[in-house]
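Residue numbers (my numbering), protein chains in the order written: chain R, 1 to 312; chain X, 1001 to 1309. Yeah, the Cβ is synthetic: ideal placement off N, Cα and C, and Gly gets one too. Bear in mind the structure is a predicted one, so any value in this text is a computation, not a measurement.
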Amino acid sequence: MTQLVTAAPTAPEEQPEQAKPPRGQFGVVNFFSQGFLLLWAAMVVLPLLWAVMSSFKTDSEILSSPWSLPATPRFDNFARAWSTGHIGTFFLNTVIVLAGGVTITMVVGSMAAYVLARYSFPGNRIIYYAFVAGLTLPIFLALVPLFKIVGNLGNIPVIGPYLGLNSYAGLILVYVAFSLPFTVFFLHSFFRTLPTEIAEAGLLDGASHTTLFAKVMLPMARPGLISIGIFNVIGQWNQYLLPLVLLQPQSSFDTDHSVLAEGLLNLAVAQGYKSDWSGLFAGMTIAMLPMLVVYVIFQRQVQAGLTAGTLK
Amino acid sequence: MKSRQLPFIAGFLVVPLVLYVIYVVSPFVQTLFYSFTDWGGLTNTQNFIGVGNYVRLFQDDIFLSAVLHNAFLLVLMPVVTILLALFLAFMLNVGGRGDSAGIRGVRGSSVYKVVLFFPQVLSVAIIVVLFQSVFRTDGRGLLNAVLIAVGLVDPNRPVQWFNSPDLVLWCLLAVMVWSGVGFYMVLFSAAMQSIPKEIYEAALLDGATRGPTFFRITLPLLWENISVAWVYLGFIALDGFALVTGLTPDSGGGGPDHASELISNVLYRTAFTQGKFGLACAMGVALTVFSLLLAIVQLRITRRDRIEF
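Below, the structure is given as structure tokens:
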């Protein structure tokens, strides 16, 4: 199913010029649709461009003449946002949590999905449906006890501080657990479609089940792994609620592990008092541009992956 | 062979299952339990108070208004987003020139697909900061300035957007639609492209114009995708936490004067500001019942016979 969609053409193929349609018949429609698309594209792009432009301005320029170009580009806004505004730290925190979260989700999720999809054993259906049920339940339902569970894990001797509130690993494991339903659901259907003959041949040749999984099945499932990987990157990058609840510093000595989303929003609230608008816009530009650049580079894979995951 | 299988299966399942049970299953089950207690959060003692929390929910005006606001978004947001996304996707794939070589999208459709998808990769915090500036309430906000320049708004009385109790929900709706349309446009585009070209060509030969083509061919063949999109959008409309927290006035959002409270925000405040964890858990259960009802109702409404092609 997935290959089918992935292979769908993304660009309209050019065909040799044929008899032109009678003018006027579709001209109006064409003009109208182009106009509407242009309008919507402008509504998406202009605020973003405007934010980037504002990040080069002084505070007074932003407040008094929000529309004009900056008199002189102020690169110090970026330096200030990076160090004083702690955007640099938030960025690093986000990357750490994202790297750990997505990696573990992929490894653990593909293992579970593989076993559930290709082996029959008692309890298989129950475990599978338990994972799928997690898709429909809102995180908000789990929020309060989750806060308490992670807090309690922090009280375990020795490993506690690495698992409790305001710890990277604690948040990473929560991300993994909440990414599992969709990952297992998605990869389950993927592993099911892989041919059985190859697996049997591998086993006859003396490969162990683990080798078979790592050397044969994972490479064959690569398109699916890429799709779900992209899904998880976007999903975990955009997390706001879980870090807000689980990364609260536990004392005034606790280091701030905030991720970008929280850090930026705190900055947005704090700028009401300090009125460092230019720093806020610079921080926002730093947070926004890498993701946009990565997206533009990989847009084909992202769009193919996202649509493969949700169609059919 | 069988004897080698069981340890292997157990080994592959143990880590995901342990994580899932600790962080997902157990909190969900606990929430149900706590919703029947008066747990205050700070203490570890809970008294069982039956359905007391649920009774209090129905007497809580702020919670009830939050339910209404969620219902507002739940009805309008998916409909508007899907209609716009369908329209744009149709433009991109079928809206362009139609000639004897068939129907295709407008010029530059691949560029539009990339650009219109941008909001999807923006973190919600960035969307918040962006729209704080778009909806600035003085005459220099992005939107106010445009409206003043066009002459629709009196420069001395700029629109109060999020500060206006009548407008705040509509502004939230606009932000949600803005950030959602691109994704569903791409989704519907992909679905439209998997419809065989011959069907369109046959319709063209039969003299069908754009309107009938859309309603007789495209829409029925896309029905399944639309119903999935509707359920996804419903979940998004039920959340809205970050947008309300960041964009609407009053501490923690929900203002002005509770005009934009959503269930998620009331829940968060009840738990983490007021420390009424038991009551907050009851709200969580209520929210879940809404989600499940939503999924069931929408899947029932949109259920049709599946069309293979």
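F1183/X is not bridged by DSSP to any residue. The C-beta of N232/R comes no closer than 8 Å to any C-beta of chain X. In the pairwise beta carbon analysis, the segment 75-84 of chain R is classified as not touching the segment 174-187 of chain R: fewer than three pairs are separated by under 8 Å.
When rounded, the separation of the alpha-carbon atoms in A1010/X and S208/R is 15 Å. Secondary structure of T1037/X (DSSP, three-state): strand. At a cut-off of 8 Å between beta carbons, C1281/X contacts chain R.
At least 8 Å separates the beta-carbon of N232/R from that of T136/R. Per the coordinates, the alpha-carbon of P1165/X lies some 38 Å from the alpha-carbon of S83/R. Residue-level contact by beta carbon holds for S1291/X and chain R, with a gap shorter than 8 Å. Under the DSSP assignment, T103/R falls in the alpha helix (DSSP H) whose first and last residues are I87 to R118. Among the residues of chain X, none has a CB under 7 Å from the CB of Q250/R; the nearest is roughly 14 Å distant. Under DSSP, F1188/X shares a beta bridge with no residue.
Proximity of chain X to Y295/R at the Cβ level (cut-off 7 Å) is accounted for by V1121, in chain order. By the Cβ criterion, the segment 139-147 of chain R is in contact with the segment 1257-1271 of chain X, since at least three pairs of Cβ atoms, one from each stretch, lie closer than 8 Å.
The Cβ atoms of F1272/X and L241/R do not sit closer than 8 Å to each other. Within chain X, the C-beta atoms nearer than 7 Å to that of N238/R come from S1123 and V1124, in chain order. Look at I149/R: its C-beta is under 8 Å from a C-beta on chain X. At a cut-off of 8 Å between C-beta atoms, L204/R does not count as an interface residue with respect to chain X. Among the residues facing chain R, K1197/X is not included, as its CB has no counterpart in that chain under 8 Å away. DSSP, read as helix, strand or coil, puts F1135/X in coil. Inclusion of V52/R and T285/R in the CB contact set at 8 Å is warranted, their separation being smaller than that value. In terms of CA proximity to R1136/X, P1158/X leads the group F1117/X, P1158/X and L1222/X.
Contact annotation, V97/R with L171/R: C-beta distance approximately 6 Å; criterion of less than 8 Å satisfied. As DSSP reads the structure, F1048/X sits in a beta bridge with T1037/X. For D1239/X, the chain R residues whose Cβ falls inside 9 Å of its Cβ are P138, I139, F140 and L241, in order along the chain. Taking C-alpha positions only, L247/R is separated from S258/R by approximately 6 Å. The segment 276-292 of chain R makes no contact with the segment 1138-1152 of chain X, as fewer than three CB pairs between them are under 8 Å.
Per DSSP, P1220/X is one residue of the alpha helix (DSSP H) stretching across L1219 to D1239. DSSP, read as helix, strand or coil, puts I1296/X in helix. In the pairwise beta carbon analysis, the segment 1183-1194 of chain X is classified as touching the segment 1218-1237 of chain X: at least three pairs are separated by under 8 Å. Within the segment 1212-1229 of chain X, those residues whose Cβ lies closer than 7 Å to any Cβ of chain R are, in chain order, N1225 and V1228. For Q248/R, there is no enclosing alpha helix (DSSP H), as DSSP gives it neither H nor E.
Between N1047/X and D1038/X a beta carbon distance of about 5 Å is seen, short of the 8 Å cut, so the two are scored as contacting. For W237/R, the uninterrupted alpha helix (DSSP H) segment begins and ends at R222 to W237. By a beta-carbon distance limit of 8 Å, G88/R does not contact Y168/R. Their separation comes to about 16 Å. Rounded to whole angstroms, the gap between the alpha carbons of L1142/X and E61/R is 14 Å.
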